[in-house]
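Q: Quick one: this structure, given as structure tokens, is what I'll be asking you about.
In UniProt numbering, the protein residues as written are 1 to 396.
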């Protein structure tokens with residue numbers, strides 16, 4: 001009797017780029033189709049935090065590190081705060097198959113976690129080639145489909161990719177923002193204890209405007225004693241002032257800052273004019289720039305990763321930081337009452353600014369992300385110190 005022939009292995013996932021590239025691989029995570037902008041992230045760790053960061057709304061993430069998922073998944077590493085932002089990234093592209101979890105903190109496998117959160121994934125593709133393509137040609141829209149039966153209509157997927165809306169002009173912040181005012185009480189995570197209870201903070205009252213806010217930003221503020229109220233992105237001036245805030249925080253978030261500024265710009269300008277001490281991160285930084293008259297522009301491939309060197313122009317020190325943005329403030333357009341404070345050492349793009357006539361500053365990167373070093377946690381101390389100094393100067 002002759003031996004049975006080898007069964008033909010059929011791909012179960014397809015990645016179709018709007019520029020015509022089509023890659024086949026093995027599917028993972030949720031079944032179905034995701035359509036969005038394809039970017040790459042250079043971080044070696046933190047894949048849960050990346051995929052649950054609302055700043056990735058509308059995007060599919062290619063991980064340059066080949067082994068993603070080997071430490072499993074757990075609920076403590078989810079960065080999403082608002083239920084409206086639960087899905088954050090739409091999909092992910094991986095080099096190696098997802099392995100079984102091998103970490104004591106894992107509550108489930110990464111593959112199961114992806115499926116439960118509705119995130120489509122493809123494995124077994126050349127992520128280096130994809131990264132080089134994005135680096136050379138810029139971010140591109142794509143369609144990613146996972147079908148266990150391997151039935152793919154490639155022309156239809158290419159049409160979906162080519163018909164997807166451009167990220168330029170996309171107003172996504174109000175879509176992922178929470179809908180109601182929420183008091184925040186959780187502090188930072190501690191080894192063997194979980195998240196500390198920070199509900200009895202007696203520090204300054206801070207309103208955090210939620211454009212897609214990450215949980216660890218709020219935890220780091222709460223652990224320093226701040227009393228935090230999270231308000232929706234489109235909160236009015238009256239709603240903000242009704243909380244009697246000592247300061248204002250402008251959060252990270254997704255989409256084109258120019259589009260979001262058309263929705264919330266007047267409110268933000270009015271709050272800045274009231275001399276509320278203000279700190280902005282990422283999208284909050286960009287929205288602040290637009291509110292004071294600067295311009296933003298879309299970047300070629302953006303900055304996504306945990307190994308970005310940033311120069312502090314005031315101190316001359318360099319911090320290694322986490323970044324996630326596809327737009328940047330044009331430092332040449334800053335008004336006379338603003339100065340550049342931080343700059344990327346990768347490409348010279350703006351990474352921070354401060355106003356010279358009021359207590360307001362912001363950074364483009366993510367000081368809360370702790371990509372290994374905690375180089376930038378001092379910015380939260382700087383913010384709260386500025387708030388207390390402003391309160392003391394205005395006290396009767």
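Every residue, glycine too, gets a C-beta built ideally from N, C-alpha and C.
Excluding the 5 residues preceding and the 5 following residue 31 in the sequence, name in chain order all residues of the same chain whose CB lies nearer than 6 Å to its CB.
A: Apart from the 5 residues on each side of it in sequence, residue 31 sits with its Cβ closer than 6 Å to the Cβ of 146 in its chain, given in chain order.
Q: Going by CA-CA distance only, name the one from 328, 130, 68, 392 that's closest to residue 303.
A: 328
Q: Can you tell me which of 71, 158, 151, 210 puts its alpha carbon nearest to the alpha carbon of residue 177?
A: 210
Q: Let me know the secondary structure DSSP gives residue 344 once reduced to three states.
A: Reduced to three states, the DSSP call for residue 344 is strand.
Q: Can you tell me whether DSSP reads residue 98 as helix, strand or coil?
A: coil
Q: Of the residues 279, 333, 258, which one's Cα is nearest the Cα of residue 298?
A: It is 258 whose Cα lies nearest to the Cα of residue 298.
Q: With C-beta atoms as the reference, is residue 253 less than 8 Å away from residue 283?
A: yes
Q: Any idea what DSSP makes of residue 184, helix, strand or coil?
A: strand
Q: Count the CB pairs spanning the segment 231-245 and the segment 270-280 that are closer than 8 Å, and state whether there are at least three.
A: yes
Q: Specify the secondary structure class of residue 104 as computed by DSSP and reduced to three states.
A: Note: residue 104 maps to coil in three-state DSSP.
Q: Tell me the DSSP bridge mates of residue 353?
A: 340, 362
Q: Report yes or no: do three or more beta-carbon pairs, one from the segment 121-134 and one from the segment 46-59, lie closer than 8 Å?
A: Cβ pair count under 8 Å is below three, so no.
Q: By DSSP's criteria, residue 24 is part of a beta bridge. Which residues make up the other side?
A: Answer is 14.
Q: Between the Cα of residue 182 and those of 190, 229, 29, spot the shortest distance and give me the residue it belongs to.
A: 229
Q: Check whether the segment 137-146 and the segment 35-44 are in contact - that is, three or more C-beta pairs closer than 8 Å.
A: yes
Q: Does the separation of the CB atoms of residue 320 and residue 373 fall below 8 Å?
A: yes
Q: Can you check which of these residues, 212, 381, 22, 378, is closest to residue 234 by C-alpha distance?
A: 212
Q: Please classify residue 1 as buried or exposed, where buried requires at least 16 other C-beta atoms within 10 Å of its C-beta.
A: In this predicted model, residue 1 has a pLDDT of only 46, less than 50, meaning its place in the structure is not dependable enough to derive any value.
Q: Considering only the alpha carbon of each residue, which of 49, 153, 214 lies closest to residue 13?
A: 153
Q: Look at the alpha carbon of residue 90 and the alpha carbon of residue 166, and state the distance between them as a whole number of angstroms.
A: The straight-line gap separating the alpha-carbon atoms of residue 90 and residue 166 is approximately 15 Å.
Q: Can you give me the C-alpha to C-alpha distance between residue 377 and residue 367, rounded to a whole angstrom?
A: Approximately 6 Å between the Cα atoms of the pair.
Q: Report yes if the CB atom of residue 73 is closer than 8 Å to the CB atom of residue 80, and no otherwise.
A: Annotated as distal: residue 73 and residue 80, with beta-carbon spacing of 8 Å or more.
Q: According to DSSP, is residue 318 helix, strand or coil?
A: In the structure shown, residue 318 sits in a strand (DSSP, three-state: E or B).
Q: Is residue 335 buried or exposed, if buried means 16 or more other CB atoms sit within 10 Å of its CB?
A: Burial state of residue 335 is exposed, judged by a 10 Å Cβ sphere holding fewer than 16 other Cβ atoms.
Q: If you run the structure through DSSP and keep just helix, strand and coil, what is residue 1?
A: Residue placement at residue 1 is poorly supported in this model, since its pLDDT is 46, which falls under 50; the coordinates still yield a value, given next. In this structure, residue 1 counts as coil in the three-state DSSP scheme.
Q: If you compare alpha carbons, which of 217, 26, 111, 361 is closest to residue 151?
A: 26
Q: How many whole angstroms separate the CB atoms of residue 170 and residue 255, which I take to be in contact at a CB cut-off of 8 Å?
A: Approximately 5 Å separates the beta-carbon atoms of residue 170 and residue 255; this is inside 8 Å, confirming the contact.
Q: Starting from residue 80, follow its DSSP beta bridges and name the residues at the other end.
A: 214
Q: Taking residue 76 as the reference, give the member of 226, 385, 380, 194 with the closest Cα.
A: 194
Q: Quick one: Cα of residue 203 to Cα of residue 385, how far?
A: 11 Å
Q: Tell me residue 329's beta-bridge partners as DSSP assigns them.
A: Answer by DSSP bridge pairing, in chain order: 296.
Q: Can you grab the Cα-Cα spacing for the pair residue 190 / residue 198, in whole Å?
A: 13 Å
Q: Starting from residue 50, trace the alpha helix (DSSP H) in both directions and tell me its first and last residue.
A: 47-51
Q: Of the residues 247, 281, 289, which one's Cα is nearest the Cα of residue 266?
A: 289
Q: If distances are taken between C-alpha atoms only, which option among 21, 227, 119, 70 comes closest to residue 185?
A: 227
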